[in-house]
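**Q** Offset between the sequence shown (1-based) and this note's numbering: plus 4.
Beta carbons: idealized from backbone N, C-alpha and C, even for Gly.
Given the structure is predicted, the values throughout are model-derived calculations rather than measurements.
The structure under discussion is supplied below as structure tokens; questions concerning it will follow.
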Amino acid sequence: METQLRIAVIGAGYWGPNLARNFSAGPDWRLVAICDLDRERAEGLAARVGNVDVVTDVDELLARDDIDAVAIATPARTHHALALKALAAGKHVMVEKPLADAGERGRAMVDTAAANGLVLMADHTYCYTPAVLKIRELIEEGALGDILFIDSTRINLGLIQPDVDVFWDLAPHDLSIIDFILPGGLRPQTLAAHGADPLGAGKSCVGYLVLPLQGGAMAHVHVNWLSPTKIRQMVIGGTKRTLVWDDLNPQQRISVYDRGVDLGLQAVDGVERTAATVSYRLGDTWSPALPEREALGQMAAEFAESIRDRRAPRTDGAAGLRVLSVLEAATRSLAKDGAVVDVEDPAAAEQLAGAR
């Protein structure tokens, strides 16, 4: 086995313990330290993952020469400053979703990592689940045909966040998945977002996001903190088959339906699809077998491989920027009472900045 890479986890709150557990258990990494402003909390986590070092000062942590990379699991508003410090110190960086709290800050992180020859990875955890990896594979091989629609629902009776609305809290999961499974990634030119605040919390607690996709397809994302029932489901309709992913059904997470609508085109007097004959296809339903692997373990392995191979990880900074561009556009749409707004293409914005 290759020499283990050495990593520290910054943030011992909600997500940090999950990262620390996987980095300490996997063969690619040696967890060196836990960094958190709350020493007692950091010590509690350190004791559970092999009594690694505890540090309360980020600058002290980054000055160490026995650390190759850091995993940042802190509030989004702190990601930019922490990542830039780590990159300046020569550390590879993995950042919890969302990549940053603004596209401009996210781009600065991506540019700095590239300039320093370091890996910047977005922790889009769901992209490393066996189910999402299988969905990506099925779409790539054409099993679903051309994508017609994506309908994603992520609702539960959840914790109302103090600093972000339901879009910034929950939608990054769905957006990162859509970005991962679509060839070419998630690149809508426009979108519309509708939110509601029935509790008077000062932010949207219920949200609906509509994104036109290439080829006339459409994606719809529903996020909700107020639902008494928990649903984690995505329906992906194609010209050949429709796939349903139910993340809360461990016995059958993915079902593929050979059912749909067929349009028999008629070229009579120049009238085509509008005069098509509609027929319904009723075929078999099947469920692919999925391996039982923890997504975070796969994510940790991908982070290590990308560093060793000197390549971009499968969920790199660019993927994080594409998600950020959608979230920022959603915020603009909400401010305009759900009006359709343009979505900035991060790649185009970067080319424009370079031209200047």
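Using DSSP's beta-bridge definition, name the partner residues of L247.
**A** Partner(s): I240 and V260.
**Q** To the nearest angstrom, report how far apart Q165 and D173 are at their CA atoms.
**A** The straight-line gap from Cα to Cα measures roughly 8 Å.
**Q** So what does DSSP say about S291, is it helix, strand or coil?
**A** It is coil, neither helix nor strand.
**Q** Quick one: any contact between the stretch 151-163 and the stretch 294-313, if contact means 3 or more CB pairs under 8 Å?
**A** Judged by Cβ distances under 8 Å, the stretch 151-163 makes no contact with the stretch 294-313, as fewer than three pairs qualify.
**Q** My output table needs one value for A37: the three-state DSSP class, helix, strand or coil.
**A** Reduced to three states, the DSSP call for A37 is strand.
**Q** Which same chain residues end up closer than 6 Å to Y212 when comparing Cβ atoms and leaving out the 5 residues on each side of it in sequence?
**A** Once the five neighbours on either side are set aside, the close Cβ partners of Y212 are H198 and H226.
**Q** Take M5 and list the residues in its own chain whose beta-carbon comes closer than 7 Å to its own, dropping the five residues that flank it on each side.
**A** Residue confidence is low: M5 scores 46 on pLDDT, short of 50, so the model does not pin down where it sits. Its coordinate-derived value is still stated next. P31, listed in sequence order.
**Q** When the Cα atoms are used, what is the spatial distance from L137 to V239?
**A** Spanning the two alpha carbons is a distance of roughly 15 Å.
**Q** Counting only the same chain and skipping the five closest in sequence on each side, list residues whose C-beta sits under 7 Å from that of W290.
**A** Within the same chain, W290 has close Cβ partners V260.
**Q** Mind listing, in chain order, the continuous alpha helix (DSSP H) runs of no fewer than 4 residues lying wholly within the stretch 52-83?
**A** Within the stretch 52-83, the complete alpha helix (DSSP H) runs of at least 4 residues are 62-66.
**Q** Within this structure, are the beta carbons of G110 and G324 separated by less than 8 Å?
**A** In contact: G110 and G324 (Cβ atoms closer than 8 Å).
**Q** Go through the stretch 78-118 residue by residue and report every complete run of the alpha helix (DSSP H) that reaches 4 residues or more, in order.
**A** Taking only runs of at least 4 residues, the alpha helix (DSSP H) segments lying wholly in the stretch 78-118 are 80-92.
**Q** How should Q302 be labelled, buried or exposed, when 16 other C-beta atoms within 10 angstroms of its C-beta is the threshold for buried?
**A** Buried is the call here.
**Q** I need the straight-line Cα distance from Q270 to A196, nearest angstrom please.
**A** Caution applies to Q270, whose pLDDT of 43 falls short of 50 and renders its modelled position unreliable; the value that the coordinates give is listed next. Going by the C-alpha atoms only, they are around 34 Å apart.
**Q** Under the rule that 16 or more other beta-carbon atoms within 10 Å means buried, what is G241, buried or exposed?
**A** Flag for G241 reads buried.
**Q** Let me know if L286 comes out buried or exposed under the rule of 16 or more other beta-carbons within 10 Å of its beta-carbon.
**A** By the neighbour-count rule (16 or more Cβ atoms within 10 Å), L286 is not buried but exposed.
**Q** Using the C-alpha atoms, what's the distance from L203 back to C1?
**A** Shown here, the chain extends from 5 to 360; a query on residue 1 therefore has no answer.
**Q** For the alpha helix (DSSP H) containing S310, list its first residue and its last residue.
**A** Residues A299 to D313.
**Q** Is E64 buried or exposed, if buried means 16 or more other CB atoms sit within 10 Å of its CB?
**A** Exposed, by the Cβ-count rule.
**Q** On the CB-based measure, 16 or more other CB atoms within 10 Å of its CB, does T116 come out buried or exposed?
**A** The residue is buried, with at least 16 neighbouring Cβ atoms inside 10 Å.
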